[in-house]
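These notes are about the structure you will find just below.
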Amino acid sequence: MYSKIYLIRCLALVLPLLLIAPLSYAQTYSEKNPYIYSVEEVEKGGFMLLVNKAYRLPEGYVPKGLQNANNRVRCEKENMFLNETALDYLEQMFIAAKKEGIDLIFFDGWREEALQRKYYNNKIAERGHSLATSLVAPPRGSEHELGLAADILSTLHRMRDGHFAATTTGKWLIANCWKYGFIIRYPQNKIEITRFLFEPWHYRFVGVEEATKITASGLCLEEYLAKMR
Ligand SMILES: [Zn+2]
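So the sequence shown is numbered by the working numbering: it starts at 182 and just counts up by one.
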């Protein structure tokens with residue numbers, strides 16, 4: 182009798198722990214920081230700084246030199262910001278596309294850490310942890326927080342999905358982005374390395390020289406930087 186009661190008490194203690202285990206794992210994982218940059222390293226890293234799930238920005242980091250993009254290119258919403266040099270090149274790319282009859286839309290630029298955290302937590306709640314982490318970067322692990330990433334779509338395709346790659350605009354961006362210093366950051370054939378699904382709308386500014394080399398090499402940013410070391 183005593184042992185039965187003891188067993189029930191044990192189960193009562195253990196079961197809630199088992200139920201919350203996946204949740205606490207998700208929380209631990211999202212806060213795990215194998216490598217965090219200091220502000221100095223970030224400032225020195227320039228346009229080639231690697232930011233991903235492992236290489237995180239310092240807490241509360243806000244990049245210098247952000248510019249409002251609203252009067253420069255067609256924007257999806259008010260108060261969209263991007264690094265000033267990246268914005269100069271983005272504007273050139275939008276003008277060149279327009280000349281070829283392609284209407285680009287700047288869909289998303291700089292994000293502050295709190296917003297990235299919100300996106301990340303919402304996606305985990307929506308899609309579950311393992312899928313969410315291949316769709317949205319954790320807080321301090323997104324290039325959008327660096328001010329060097331631009332999500333770009335078109336007036337004819339306004340969804341951030343894989344189908345964008347097959348549209349005229351998607352093809353134009355993939356073929357021409359390097360001329361304006363941008364690279365496709367999460368290519369289709371590099372999912373195992375970037376740990377992100379293919380994002381034909383997400384472009385990372387690295388400067389024209391590096392974008393030309395990276396595109397010609399066929400490597401993703403992680404591989405290219407590893408080779409440069
Ligand atoms: Zn993006």
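All C-beta atoms in this analysis are idealised placements derived from N, C-alpha and C, irrespective of residue type, glycine included.
Note that the structure is predicted; figures quoted are calculated from it, not measured.
Proximity to residue i [Cα-Cα], best of the options
i    : options             : result
N302 : K279, F363 and V317 : V317
A267 : E380, G246 and N260 : G246
N264 : E224, L296 and G351 : E224
V389 : F262, V220 and Q273 : Q273
S219 : H310, Y242 and A235 : Y242
Proximity test, residue i beta-carbon vs ligand 1 heavy atom, cut-off 7 angstroms
i    : result
A250 : no
A330 : yes
D342 : no
H338 : no
H310 : no
D284 : no
D289 : yes
Residue(s) in a DSSP beta bridge with residue i
i    : result
Q369 : The partner list for Q369 (beta bridge, DSSP) is empty, contrary to what the question assumes.
N264 : L247
R385 : A330 and I364
I217 : R237
F287 : C256 and I333
H338 : S335
CA-to-CA distance, residue j to residue i, given in whole angstroms
i    : j    : result
K299 : P319 : 10 angstroms
A356 : A392 : 12 angstroms
D269 : E222 : 24 angstroms
A346 : G362 : 19 angstroms
P381 : P368 : 7 angstroms
K408 : N370 : 18 angstroms
T375 : C401 : 8 angstroms
N260 : F386 : 20 angstroms
Within-8 angstroms CB hit, residue i to chain B
i    : result
Y218 : No chain B is present in this structure, which holds just one protein chain.
Distance CB(residue i)-CB(residue j) smaller than 8 angstroms
i    : j    : result
L327 : L230 : yes
I276 : E257 : no
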